[in-house]
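Chemist: Taking my numbering, the leading residue of the sequence shown gets 1, the next gets one more, and so forth. Virtual Cβ for every residue (Gly too), placed ideally from N, Cα, C. Note that this is a predicted model, so its numbers are computed, not measured.
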Amino acid sequence: MSVKQYETYLAETFIEWVGGIIQPGERYQFKSPDPDNALKLWEAFVSLADGNRLEIAPGQYIDCLPCNGVQLIPVLHGAEAPAFTENYISHLRDEVAGRSGVFAQTALLIIHNSMLDTLINSTKDVAAPDAIWYPQTFSHQLEKLITTDSNRSELSRCLLEDQLSTVLDEGATVFGFSSLYRLLDDGNLDFSELHLFKDDELLNYSQKQLRTRLNENRKLYRQIEDSVERYSGQLENVLPEFSSKFIQEHFYDKDDWRELDFSDYRKEKEQNSEQKLVLENVSVENGEVWQRAKSASKAGRRDISLLVQVQPGQSKAELEFSFQGNDLQDNQIKIAHNRQLKNAPFWRTSRAGGKTSRIMASVPFDGHPCFFSLELTNRNNSAEEYKFRLLLVEQGQFWLNDIQHCYRIEPGKDQITLQLEDNTLRIAESGNLTCTLDDESEDIDCQHYAQVNFETLANQSDLVQFALVSGDSRLSFNIEGPGAEEGLTLPLLFDQSRFNKLFKEEGNATWNRLKGRIILDNTEHKVVGVRQQL
Numbered sequence: 001m002s003v004k005q006y007e008t009y010l011a012e013t014f015i016e017w018v019g020g021i022i023q024p025g026e027r028y029q030f031k032s033p034d035p036d037n038a039l040k041l042w043e044a045f046v047s048l049a050d051g052n053r054l055e056i057a058p059g060q061y062i063d064c065l066p067c068n069g070v071q072l073i074p075v076l077h078g079a080e081a082p083a084f085t086e087n088y089i090s091h092l093r094d095e096v097a098g099r100s101g102v103f104a105q106t107a108l109l110i111i112h113n114s115m116l117d118t119l120i121n122s123t124k125d126v127a128a129p130d131a132i133w134y135p136q137t138f139s140h141q142l143e144k145l146i147t148t149d150s151n152r153s154e155l156s157r158c159l160l161e162d163q164l165s166t167v168l169d170e171g172a173t174v175f176g177f178s179s180l181y182r183l184l185d186d187g188n189l190d191f192s193e194l195h196l197f198k199d200d201e202l203l204n205y206s207q208k209q210l211r212t213r214l215n216e217n218r219k220l221y222r223q224i225e226d227s228v229e230r231y232s233g234q235l236e237n238v239l240p241e242f243s244s245k246f247i248q249e250h251f252y253d254k255d256d257w258r259e260l261d262f263s264d265y266r267k268e269k270e271q272n273s274e275q276k277l278v279l280e281n282v283s284v285e286n287g288e289v290w291q292r293a294k295s296a297s298k299a300g301r302r303d304i305s306l307l308v309q310v311q312p313g314q315s316k317a318e319l320e321f322s323f324q325g326n327d328l329q330d331n332q333i334k335i336a337h338n339r340q341l342k343n344a345p346f347w348r349t350s351r352a353g354g355k356t357s358r359i360m361a362s363v364p365f366d367g368h369p370c371f372f373s374l375e376l377t378n379r380n381n382s383a384e385e386y387k388f389r390l391l392l393v394e395q396g397q398f399w400l401n402d403i404q405h406c407y408r409i410e411p412g413k414d415q416i417t418l419q420l421e422d423n424t425l426r427i428a429e430s431g432n433l434t435c436t437l438d439d440e441s442e443d444i445d446c447q448h449y450a451q452v453n454f455e456t457l458a459n460q461s462d463l464v465q466f467a468l469v470s471g472d473s474r475l476s477f478n479i480e481g482p483g484a485e486e487g488l489t490l491p492l493l494f495d496q497s498r499f500n501k502l503f504k505e506e507g508n509a510t511w512n513r514l515k516g517r518i519i520l521d522n523t524e525h526k527v528v529g530v531r532q533q534l
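#1: Is the Cβ-Cβ distance between Phe-398 and Cys-446 less than 8 Å?
#2: Would you decide whether Gln-340 is buried or exposed? Buried here means 16 or more other CB atoms lie within 10 Å of its CB.
#3: Here's the rule I'm using: 16 or more other beta-carbon atoms within 10 Å means buried, otherwise exposed. How should Lys-355 be labelled?
#4: Could you compute how far the alpha carbon of Ser-470 sits from the alpha carbon of Pro-369?
#5: Answer with buried or exposed for Glu-201, where buried requires no fewer than 16 other C-beta atoms within 10 angstroms of its C-beta.
#6: Terminal residues of the continuous alpha helix (DSSP H) containing Trp-42?
#7: Out of curiosity, what's the CA-to-CA distance linking Asp-162 and Phe-262?
#8: Comparing the CB of Asp-169 with every heavy atom of the ligand FMN, is any distance shorter than 7 Å?
#9: With DSSP as the reference, label Leu-142 as helix, strand or coil.
#10: Would you mind working out which of Arg-292, Ser-461, Leu-328 sits nearest Leu-390, comparing C-alpha positions?
#11: Between the Cα of Asp-34 and those of Gly-481, Pro-135, Leu-180, His-77, spot the shortest distance and give me the residue it belongs to.
#12: What residues in its chain sit with their C-beta under 7 Å from that of Gly-20, if we drop five residues either side in the sequence?
#13: Within 8 Å, do at least three Cβ pairs link the stretch 165-183 to the stretch 4-11?
#14: Note down, one range per segment and in chain order, each alpha helix (DSSP H) of at least 4 residues found wholly within the stretch 265-316.
#15: Within 10 Å of its beta-carbon, does Asn-217 have 16 or more other beta-carbons around it, so buried, or fewer, so exposed?
#16: Excluding the 5 residues flanking Ile-15 on each side, which residues of the same chain have their C-beta closer than 8 Å to its C-beta?
#17: Answer yes or no: do Val-96 and Leu-108 have a C-beta to C-beta separation smaller than 8 Å?
#18: Hey, how far is the Cα of Val-393 from the Cα of Glu-225?
#19: How long is the line joining the alpha carbons of His-195 and Arg-222, rounded to whole angstroms?
#20: Considering Cα atoms alone, identify which of Leu-260, Ile-110, Val-18 is closest to Phe-191.
#21: Do Arg-379 and Asp-402 have their C-beta atoms within less than 8 Å of each other?
#22: In this structure, does DSSP put Glu-320 in helix, strand or coil?
#23: To test your reading of the DSSP string, which unbroken alpha helix (DSSP H) runs of 4 or more residues are found completely within the stretch 194-237?
#24: Cα separation between Gly-367 and Glu-442?
#25: With a 10 Å radius around its C-beta and 16 neighbouring C-beta atoms as the bar for buried, classify Ala-11 as buried or exposed.
#26: Give the secondary structure of Ser-122 by DSSP, where H, G and I count as helix, E and B as strand, and everything else as coil.
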């Protein structure tokens with residue numbers, strides 16, 4: 001079935017409406033903020049005129065439409081042809097109002113985007129209440145297109161009511177119905193122009209359920225559309241309800257996210273909400289491991305810095321990553337940020353025990369600081385995709401106690417970033433000799449100095465970096481501002497994200513009296529409000 005252009009439909013409904021009330025000398029006006037829509041509407045009127053023209057001066061003709069014995073003259077306001085200037089339109093308006101000569105039986109319709117009184121003075125707004133192009137009035141006209149004996153009639157009415165609400169809320173013109181018109185006229189349930197995902201299940205819902213489902217659909221479409229436009233390279237972070245695999249396939253590889261059915265998104269969100277793999281513990285044999293999350297957000301809690309101190313004389317660091325859930329596969333493990341380890345078969349997965357999965361890693365270690373990342377990828381649920389940023393150092397080679405609650409491992413840069421409030425850092429357990437950094441400072445010998453003072457460098461530059469040297473080992477540091485969190489859920493028993501740490505000693509918080517901070521999971525938290533006084 002061939003569907004007429006929306007602008008033609010608009011023009012025909014206007015002619016049908018105005019035919020019952022039109023009088024010679026009447027002036028009508030319609031404001032269209034979109035110049036393209038205005039031009040298309042004017043062209044639709046000219047097409048309906050079908051060559052009927054009025055000679056308003058010798059050799060000067062203008063298109064007009066016979067309407068109940070009156071010649072309706074449609075004119076377009078603009079700076080370039082075929083539009084007329086406001087001065088010429090004002091002249092035509094006065095001629096029509098004068099009802100003399102060739103203008104005795106004429107009326108005028110001005111299509112414009114202007115607030116000039118010279119243009120719209122003494123004209124009737126056809127988008128005013130009760131006029132044909134007032135959104136509520138026009139929606140009744142569109143309702144006539146709905147076939148009552150169709151099983152889609154209930155859905156069509158709901159879509160029409162929904163679109164009317166959107167048009168009124170946004171202060172739009174009747175062109176806000178253009179995307180809905182084709183759907184109503186030919187019955188094709190193509191929602192792409194309505195900023196909705198197609199939804200084959202809609203026909204199974206009642207009116208109340210339909211509205212709820214459509215609202216969910218539109219909300220999701222707008223969320224995804226906004227994320228794609230503004231954060232195209234960070235979709236995994238801004239759309240955490242979808243798995244990395246889903247995002248890669250439908251937003252990058254196929255780029256077909258607009259064509260997916262709404263039920264596909266609901267199914268993906270449901271699958272992604274069921275977390276089947278939860279980190280339980282990370283341990284090291286013959287050593288000590290510190291664990292610290294990047295931030296308190298959901299994604300930040302899965303980006304974990306592990307500082308592993310290996311006992312002297314060990315040629316390997318035996319690490320074990322333990323998870324609740326037994327479906328971890330070898331092809332879901334990725335090693336990054338270390339070329340040598342990337343191709344070395346130093347790890348294996350184990351699902352012995354039924355309900356748990358383990359990664360057993362025997363990392364080659366030569367006594368020098370070793371950076372690398374171990375990542376879980378291609379999980380159906382992004383909440384199960386952990387990223388472990390690891391640094392292996394020989395125990396006692398560097399004194400690191402002062403950074404335990406403020407470090408972030410960055411294997412991609414072979415450095416440790418410290419989130420410090422003070423401009424000093426203790427690098428030895430005892431002693432008072434301080435190394436003051438400036439822009440010409442070299443590496444700092446840990447055997448010689450006990451503290452590092454970088455206040456001078458911090459005042460000179462936004463970038464504060466230095467390296468500690470111990471024997472033939474070197475460790476690079478980068479300094480950031482303080483990163484104390486304020487997002488503690490107290491009591492900790494009520495924090496649902498910590499259910500796997502309940503009744504475990506390492507799950508308890510400690511109080512740092514000197515700093516006035518709570519230490520939880522090697523992260524400092526500010527104490528807010530009245531709690532600090534208790």
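Modeler: This is what the structure gives:
#1: Position 398 of the sequence shown holds residue 398. Position 446 of the sequence shown holds residue 446. Yes, the Cβ-Cβ distance between Phe-398 and Cys-446 is below 8 Å.
#2: As a first step, residue 340 must be located in the sequence shown, where it is residue number 340. Label assigned to Gln-340: exposed.
#3: As a first step, residue 355 is located in the sequence shown; it is residue number 355 there, counting from the start. So Lys-355 ends up on the exposed side.
#4: Looking up residue 470 in the sequence shown gives position 470. Looking up residue 369 in the sequence shown gives position 369. So the two alpha carbons sit approximately 11 Å from each other.
#5: Mapped onto the sequence shown, residue 201 falls at position 201. Glu-201 comes out exposed.
#6: Translated into positions along the sequence shown, residue 42 becomes position 42. Looking at the DSSP string, the run of the alpha helix (DSSP H) that includes Trp-42 is 35-49.
#7: If you number the sequence shown from 1, residue 162 lands on position 162. If you number the sequence shown from 1, residue 262 lands on position 262. Cα to Cα, the separation comes out at about 17 Å.
#8: Questions concerning the ligand FMN fall outside what the structure shown contains, since it holds no ligand whatsoever.
#9: The count along the sequence shown starts at 1 and reaches residue 142 at position 142. Helix, per DSSP.
#10: Here residue 390 refers to the residue found at position 390 of the sequence shown. If we check each option's Cα against that of Leu-390, Arg-292 comes out closest.
#11: One-based indexing of the sequence shown puts residue 34 at position 34. Closest option to Asp-34, Cα to Cα, is His-77.
#12: Here residue 20 is taken as the residue at index 20 of the sequence shown, counted from 1. No residues qualify anywhere along the chain.
#13: yes
#14: 298-301
#15: Residue mapping note: residue 217 aligns to position 217 of the sequence shown, counting from 1. Looking at its Cβ environment, which holds 16 or more other Cβ atoms inside 10 Å, Asn-217 is buried.
#16: In the sequence shown, residue 15 corresponds to position 15, counting from 1. Taken in chain order, the residues that qualify are Leu-48, Leu-65, Cys-67, Leu-72.
#17: As a working mapping, residue 96 is identified with position 96 in the sequence shown. As a working mapping, residue 108 is identified with position 108 in the sequence shown. Cβ distance < 8 Å, so Val-96 and Leu-108 count as in contact.
#18: Along the sequence shown, one-based indexing puts residue 393 at 393. Along the sequence shown, one-based indexing puts residue 225 at 225. Their Cα atoms are separated by approximately 45 Å.
#19: For the purposes of this step, residue 195 is taken as residue 195 along the sequence shown, with counting starting at 1. For the purposes of this step, residue 222 is taken as residue 222 along the sequence shown, with counting starting at 1. The straight-line gap from Cα to Cα measures roughly 7 Å.
#20: Against the sequence shown, residue 191 aligns to sequence position 191. It is Leu-260.
#21: The residue labelled residue 379 in the question sits at position 379 within the sequence shown. The residue labelled residue 402 in the question sits at position 402 within the sequence shown. Not a contact, by the Cβ cut-off of 8 Å.
#22: Start at 1 with the first residue of the sequence shown, and residue 320 comes out as number 320. In the structure shown, Glu-320 sits in a strand (DSSP, three-state: E or B).
#23: 207-230
#24: Position 367 of the sequence shown, counting from 1, holds the residue named residue 367. Position 442 of the sequence shown, counting from 1, holds the residue named residue 442. Roughly 23 Å separates the two Cα atoms.
#25: Locating residue 11 in the sequence shown gives position 11, counting from the first residue. With 16 or more other Cβ atoms within 10 Å, it is buried.
#26: Here residue 122 refers to the residue found at position 122 of the sequence shown. Correct three-state label for Ser-122: coil.
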